[in-house]
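Visitor: Take a look at the following structure, please.
Number of protein chains: 2
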Amino acid sequence: MSEGEAGLRARLVAAGVDLVLREGQSAVSLREIARRAGVSHGAPRRYFPTHVDLLSAIAREGFADLTARVEETLRAAGPDPRTRLVALARTYLDFAAAHHGMFELMFRHDLLASGRLRLRETSLPLFTLLVDLVAQARQPTDAPAPVLAGALWANLHGIAQLWAWGSLPLATGVTDDDTLLRAALDAHLGPAPH
Amino acid sequence: MSEGEAGLRARLVAAGVDLVLREGQSAVSLREIARRAGVSHGAPRRYFPTHVDLLSAIAREGFADLTARVEETLRAAGPDPRTRLVALARTYLDFAAAHHGMFELMFRHDLLASGRLRLRETSLPLFTLLVDLVAQARQPTDAPAPVLAGALWANLHGIAQLWAWGSLPLATGVTDDDTLLRAALDAHLGPAPH
DNA sequence: CACCACCAGTAGACAGCGTCTACGCCCGCC
DNA sequence: GGCGGGCGTAGACGCTGTCTACTGGTGGTG
Chain A
1 MSEGEAGLRA
11 RLVAAGVDLV
21 LREGQSAVSL
31 REIARRAGVS
41 HGAPRRYFPT
51 HVDLLSAIAR
61 EGFADLTARV
71 EETLRAAGPD
81 PRTRLVALAR
91 TYLDFAAAHH
101 GMFELMFRHD
111 LLASGRLRLR
121 ETSLPLFTLL
131 VDLVAQARQP
141 TDAPAPVLAG
151 ALWANLHGIA
161 QLWAWGSLPL
171 ATGVTDDDTL
181 LRAALDAHLG
191 PAPH
Chain B
1 MSEGEAGLRA
11 RLVAAGVDLV
21 LREGQSAVSL
31 REIARRAGVS
41 HGAPRRYFPT
51 HVDLLSAIAR
61 EGFADLTARV
71 EETLRAAGPD
81 PRTRLVALAR
91 TYLDFAAAHH
101 GMFELMFRHD
111 LLASGRLRLR
121 ETSLPLFTLL
131 VDLVAQARQP
141 TDAPAPVLAG
151 ALWANLHGIA
161 QLWAWGSLPL
171 ATGVTDDDTL
181 LRAALDAHLG
191 PAPH
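Line by line, the protein sequences give chains A and B. Read in order, the letters of the first sequence are residues 1 to 194 in the numbering used here. Read in order, the letters of the second sequence are residues 1 to 194 in the numbering used here.
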């Protein structure tokens, strides 16, 4: 009845999100989440049959968060498609850098394999946003929008991943990912009009 | 003295490589590796103080393997830089697809953080190969070769990752990664002369 | 030739993990 | 007023990585 009574299911997910943001992927054990939610280690099982089920719910929260941030950014960006694409890309990279544990969790292969991630409801909306923008910004001679958007997304994702990994700054000698972001956008959409 | 006596250190790494290739990342527990190598679970500790030390050694083997495959491919490819780049990229994607467990292990963030991966000796040689080819293939107006190569590598890596992840085919509608590979190369190096 | 020091590998303990199962408690309904 | 059912507890199991005490064999030295 107290204000903290938000339903154990939601509390577990919230505790998990908090944990992965704060301590990283390795901290998100089932038992630690239960501890933080103030219940016994067996309690989560009623709502999440398996550890990966709980992790998937946490990762879905991550996708929702990222999508919300991107939409927020786009709301503030001007009408120019290219500018909007830069904003989207910047948000993606910032998210990956700021919430690296969550970002890792979101793209964990075993979660995907479990099928509980529901790509259609999580990552697809985000991708659709990208496809729309690409469709507006692309040149007539470019590849079809979905292919172009797919290649661009992969580029973004790779930058986020390898940048966090540290070998990209080491190898390229550049010290900020914005250089690579611009290079990627210029490459896929032609040089910036600017 | 028998032929099987290759030194426990090497046998452990070999068993780990075999295991990760065959069963995937989750199978590479310290104790399972020890079991496969025919020693007790405490034995690895003499050569690898920690589990991540052993995993790092396995991952380094993966980088060496990938590098060797790329060099082999390049040896067979013609002199045209663009053709050679396609060959390199294809090898990278094939490796990621065929040895997904190893590929994941190689880019695990906790291994990187342990410092035992030694990027300079493993991934840098590979990247240098790429930079050299890019330097030959790039247009004068393009970004500097290291930046261009970095962006291209990220693109490749992202394709490998997201393709294996499954959302790229789902989202783009394309059914083979070659389409995306070509799109990426065309984007970064200009349309193929063909 | 005897001894000893050393080193590789063994074996057991420990805490933590995910999963499973048997058990109580409490609330709402008949 | 009693009963049923869902929610959470608690303990067990086998597995994990790490730590520590130990043993057996081997090479060098007196």
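Glycine is no exception: its CB is placed at the ideal position from the N, C-alpha and C atoms. Source: prediction; values computed, not measured.
For the candidate residues Arg45(A), Arg90(A), Val28(A), Gln136(A), whose alpha-carbon lies nearest to that of Pro81(A)?
Guide: By one-based count along the first sequence, residue 81(A) stands at place 81. Closest by alpha carbon: Gln136(A).
Visitor: Could you check how far apart the C-beta atoms of Ala57(A) and Val20(A) are, in whole angstroms? I think they sit under 8 Å.
Guide: Here residue 57(A) refers to the residue found at position 57 when the first sequence is read from its first residue. Here residue 20(A) refers to the residue found at position 20 when the first sequence is read from its first residue. Not really, about 12 Å apart at Cβ, beyond 8 Å.
Visitor: Are Gly16(A) and Val28(A) touching if we call contact CB-CB under 8 Å?
Guide: For the purposes of this step, residue 16(A) is identified with residue 16 of the first sequence, where counting begins at 1. For the purposes of this step, residue 28(A) is identified with residue 28 of the first sequence, where counting begins at 1. In contact: Gly16(A) and Val28(A) (Cβ atoms closer than 8 Å).
Visitor: Starting from the beta carbon of Phe127(B), find every residue of chain A whose beta carbon is closer than 7 Å, and list them in chain order.
Guide: Here residue 127(B) corresponds to residue number 127 of the second sequence, with the count starting at 1. The contacting residues are Ala171.
Visitor: Using the Cβ count rule (16 or more neighbours within 10 Å means buried), how would you classify Ala113(B)?
Guide: Residue numbering aside, residue 113(B) sits at position 113 when the second sequence is read from its first letter. So Ala113(B) ends up on the exposed side.
Visitor: Rounded to a whole number of angstroms, what is the C-alpha to C-alpha distance between Ser40(B) and Leu55(B)?
Guide: What you label residue 40(B) is simply residue 40 of the second sequence in a count that begins at 1. What you label residue 55(B) is simply residue 55 of the second sequence in a count that begins at 1. Each residue's Cα considered, the two are about 18 Å apart.
Visitor: Which of helix, strand or coil does DSSP assign to Tyr92(B)?
Guide: Taking the first residue of the second sequence as 1, we reach residue 92(B) at position 92. Helix.
Visitor: When DSSP labels each residue in this structure, what does Phe127(A) get in the three-state scheme?
Guide: For this step, residue 127(A) is matched to residue 127 along the first sequence. Three-state DSSP puts Phe127(A) in a helix.
Visitor: Quick one: Cα of Arg75(A) to Cα of Ala184(A), how far?
Guide: Within the first sequence, numbered from 1, the residue matching residue 75(A) stands at position 75. Within the first sequence, numbered from 1, the residue matching residue 184(A) stands at position 184. Their Cα atoms are separated by approximately 23 Å.
Visitor: When we look at the beta-carbon of Glu61(A) and count the other beta-carbons within 10 Å, is it buried (16 or more) or exposed?
Guide: Position 61 of the first sequence, counted from the start, is the residue given in the question as residue 61(A). With 16 or more other Cβ atoms within 10 Å, it is buried.
Visitor: Taking the C-alpha atoms as reference points, what is the distance between Pro191(B) and Gln139(A)?
Guide: Numbered from its first residue, the second sequence carries residue 191(B) at position 191. Numbered from its first residue, the first sequence carries residue 139(A) at position 139. Their Cα atoms are separated by approximately 13 Å.
Visitor: DSSP on Leu117(A), reduced to helix/strand/coil?
Guide: Here residue 117(A) corresponds to residue number 117 of the first sequence, with the count starting at 1. Three-state DSSP puts Leu117(A) in coil, outside helix and strand.
Visitor: When the distance is taken between beta carbons, is Thr73(B) closer than 8 Å to Pro125(B)?
Guide: Sequence index remark: in the second sequence, residue 125(B) carries index 125 (1-based). Sequence index remark: in the second sequence, residue 73(B) carries index 73 (1-based). No, Cβ-Cβ distance for Pro125(B) and Thr73(B) is not below 8 Å.
Visitor: Output, in chain order, the set of chain B residues within a Cβ distance shorter than 7 Å of Glu104(A).
Guide: Here residue 104(A) is taken as the residue at index 104 of the first sequence, counted from 1. Going along chain B in sequence order, the residues near Glu104(A) (Cβ under 7 Å) are His109.
Visitor: Short of 8 Å in beta carbon distance, which residues of its chain neighbour Pro144(B), apart from the five on each side in sequence? Order them along the chain.
Guide: Within the second sequence, the letter at position 144 stands for residue 144(B). Counting only Cβ-Cβ distances below 8 Å, and skipping sequence neighbours, we find nothing.
Visitor: Got a sec, what are the start and stop residues for the alpha helix (DSSP H) Gly166(B) sits in?
Guide: Locating residue 166(B) in the second sequence gives position 166, counting from the first residue. Taken as a continuous stretch (DSSP letters only), Gly166(B) belongs to no alpha helix (DSSP H), as it is neither H nor E.
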